[in-house]
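Beneath this line is the structure, given in structure tokens, with notes to follow.
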Amino acid sequence: MTSAALPLPILILTGFLSGAGIRLADPLLALIASDFEARVAAAAPVVAGFTLAYGLAQPVLGPLGDRFGKLRLIAVCMACYGAATLAAALAPSLGALTVARAVAGAFAGGLIPVAIALIGDATTYANRQATLGRFMTGMVLSNLITAPLAGIAGDAVGWRPVFALLGAAGLAAAAPLWREAARLPPARHGPGSSALARYAMLLRRASARRLLILVGLEGAFAFGAPPFIGAFLVEGYGLSFTWAGLILGTAGLGALLYTRIAGLLVRHFGERGLLIGGGAGLVVWLGGVGLAPPLVAVAAANFIGGLALGCFHGVLQARGSEMLPESRSTGMAAFAFCLFVGLAAGAGAVGALLPLVGYRMLFGAAATGTALVAPNS
């Protein structure tokens with residue numbers, strides 16, 4: 000597939016719906032816990048279950064993308080993701096909700112990483128981070144819109160209609176994805192007699208091993224703590240779900256700015272500069288929120304964090320797409336596996352430690368961990 004033939008608009012839609020699923024529960028976590036008469040810590044698996052399943056599904060989904068076609072896999076996973084999200088809306092218990100979210104997360108694992116691999120097939124490395132930035136517009140817009148709208152809807156109608164709307168949208172989007180996939184020629188199999196052979200090929204490369212460890216640590220610190228900022232705003236500041244969602248949305252504004260200027264940033268600062276600046280911004284974000292400053296400062300820290308995360312993760316993402324160019328979907332599966340297992344571990348640790356040490360100390364610990372990881376990236 001050439002860059003000209005890349006179906007970027009429909010991939011952006013995929014990113015939007017997938018991103019909505021990842022962040023949908025963040026501003027609603029306290030409401031979900033209250034609905035099931037549980038504490039926020041007990042509802043944490045609603046977040047961690049999605050991300051853990053997302054990561055655990057990667058070793059299977061990545062090779063399937065290389066074998067049967069990346070866009071075909073995206074279409075099937077979108078349909079299953081939508082159905083599982085509808086099931087979450089009907090969950091009769093917190094346990095059932097967690098299971099449905101985990102199933103949705105598993106199928107969501109065949110969306111973003113496989114789309115990034117598809118982009119890698121169609122672009123040169125010099126243009127890749129800029130193209131990935133444009134692709135991430137969908138996911139960033141979902142983060143920007145999902146948090147405030149989910150918070151408003153949580154106050155107005157509860158969390159279940161929010162999940163139902165996203166599930167229906169996922170099912171509707173599967174049809175145009177499949178039509179686009181049907182126009183493509185059959186997939187060419189990547190090298191290696193099996194998925195295990197491809198993963199073995201990847202792990203023999205020292206640069207790939209180092210990147211996978213780094214992205215796992217990034218997931219634990221830079222991705223694992225932010226889902227709890229919404230609950231902190233509700234419980235620590237006494238905000239409504241609407242206002243918590245609006246403040247969370249400032250991180251989306253920062254990330255949206257990154258998607259618009261990614262190419263410019265790469266040209267002016269290079270990958271190393273984006274890693275250093277992005278890492279510093281992440282420390283400011285998490286450490287600043289942990290200090291529990293006035294709300295205007297929390298909003299500013301969230302904006303900086305969204306921009307910084309785009310810079311930092313964008314470089315790792317571009318490098319991840321080149322770990323195994325012979326079987327790019329398999330390589331990106333390994334990347335996503337490490338990212339989301341790290342994220343789930345970080346979110347799970349926050350949920351377990353939250354009753355013991357509180358929000359502020361946990362955000363401070365995440366900032367410290369990021370400060371230790373970023374210089375080694």
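In numbering that gives the first Met the number 0, the protein residues as written are 0 to 376.
Every residue gets a Cβ at the ideal spot worked out from N, C-alpha and C, and that includes glycine.
Check your understanding: Is Val156 helix, strand or coil when you go by DSSP?
Key -> coil
Review point. How would you call Gly132, buried or exposed, if buried means at least 16 neighbouring beta carbons within 10 angstroms?
Key: buried
Review point. Counting pairs of beta carbons, one from the region 162 to 169 and one from the region 79 to 86, are three or more of them closer than 8 Å?
Key: yes
Point to revise | His267, buried or exposed, once every other Cβ within 10 Å from all chains shown has been counted against 16 | key: exposed
**Study point:** Identity of the residue in Val139, Leu55, Gln57 nearest Ser17 by Cα
**Key:** Val139
**Study point:** DSSP three-state assignment for Thr123, whether helix, strand or coil
**Key:** coil
Check your understanding: Thr329 and Arg209 look like a contact to me (Cβ under 8 Å); what is the Cβ gap, rounded to whole Å?
Key -> Not confirmed; about 18 Å, so no contact.
Review point. Candidates Pro225, Ser326, Phe231, Ala205: which alpha carbon is nearest Leu294's?
Key: Phe231
Check your understanding: Are Leu60 and Val98 touching if we call contact CB-CB under 8 Å?
Key -> no
Point to revise | Counted within 10 angstroms of its Cβ, other Cβ atoms place Asn142 as buried (16 or more) or exposed | key: buried
Review point. Is it the case that the Cβ atoms of Glu280 and Ile246 are separated by a distance below 8 Å?
Key: Note that residue 280 is Gly in the sequence shown, not Glu. Going by C-beta atoms, Gly280 is not nearer than 8 Å to Ile246.
Check your understanding: Measuring CA to CA, which of Leu263, Met322, Leu273, Val214 is closest to Ala343?
Key -> Val214
Check your understanding: So, helix, strand or coil for Glu321, using DSSP?
Key -> coil
**Study point:** Sequence-distant residues of its chain with Cβ nearer than 7 Å to Phe220 (five each side left out)
**Key:** Gly345, Ala365, Gly368, Thr369, Val372
Review point. Are Ala172 and Met322 touching if we call contact CB-CB under 8 Å?
Key: no
Review point. Taking the Cβ atom as the reference point for each residue, do Leu338 and Gly305 lie within a distance shorter than 8 Å?
Key: no
Check your understanding: Are Gln439 and Val265 closer than 8 Å when you measure CB to CB?
Key -> Outside the modelled stretch of the chain, which goes from 0 to 376, sits residue 439, for which no answer is possible.
**Study point:** Inside the region 254 to 323 only - alpha helix (DSSP H) runs reaching at least 4 residues
**Key:** 294 to 319
Point to revise | contact_flag[the region 115 to 128, the region 308 to 322] where n(CB pairs < 8 Å) is 3 or more | key: yes
Check your understanding: How would you label Thr258, buried or exposed, when you count the other beta carbons within 10 angstroms and need 16 or more for buried?
Key -> buried
**Study point:** Extent of the continuous alpha helix (DSSP H) run through Gly363
**Key:** 327 to 372
Practice item. Look at Val350 and Ala40 and say whether their C-beta atoms are less than 8 Å apart. Key: Correcting the residue identity first, residue 350 is Gly in this sequence and not Val. Yes, the pair counts as a contact, with Cβ atoms nearer than the cut-off.
Practice item. Measuring alpha carbon to alpha carbon, tell me which of Leu183, Ala254, Ala299, Leu273 ends up nearest Gly287. Key: Ala299
Exercise for review: Report buried or exposed for Leu89, applying the criterion of at least 16 other Cβ atoms within 10 angstroms of its Cβ.
Suggested key: exposed
Review point. Can you give the Cα-Cα distance for Trp284 and Thr136, rounded to whole angstroms?
Key: 21 Å
**Study point:** Reference Pro354, options Phe162, Ala146, Ala43, closest by Cα
**Key:** Ala43
Review point. How big is the Cα-Cα spacing for Val297 and Gly104?
Key: 29 Å
Check your understanding: Is the beta carbon of Phe240 sitting closer than 8 Å to the one on Val233?
Key -> yes
Practice item. Buried or exposed for Asn301, please, with buried defined as at least 16 other CB atoms from any protein chain shown within 10 angstroms of its CB. Key: buried
Exercise for review: Using 10 angstroms around the beta-carbon of Gly14, count the other beta-carbons present and answer buried if the total reaches 16, otherwise exposed.
Suggested key: buried
Point to revise | Distance, Leu238 Cα to Leu201 Cα | key: 47 Å
Review point. Going along the chain, which residues of its own chain have a beta-carbon closer than 6 Å to the beta-carbon of Arg100, five neighbours each way excluded?
Key: Val45, Gly48, Phe49, Ala87
Check your understanding: Do the CB positions of Phe134 and Ile21 come within less than 8 Å of each other?
Key -> no
Review point. What separation, rounded to the nearest whole angstrom, lies between the Cα atoms of Trp242 and Pro292?
Key: 16 Å
Review point. Going by C-alpha distance, which of Leu5, Phe35, Leu51 is nearest Ala347?
Key: As written in the sequence, residue 347 is Gly, which differs from the Ala given in the question. Checked all of Leu5, Phe35, Leu51; the closest Cα to Gly347 is Leu51.
Practice item. Enumerate in chain order the residues of its own chain whose CB-to-CB distance from Gly357 is below 7 Å, with the five nearest sequence positions on each side excluded. Key: none
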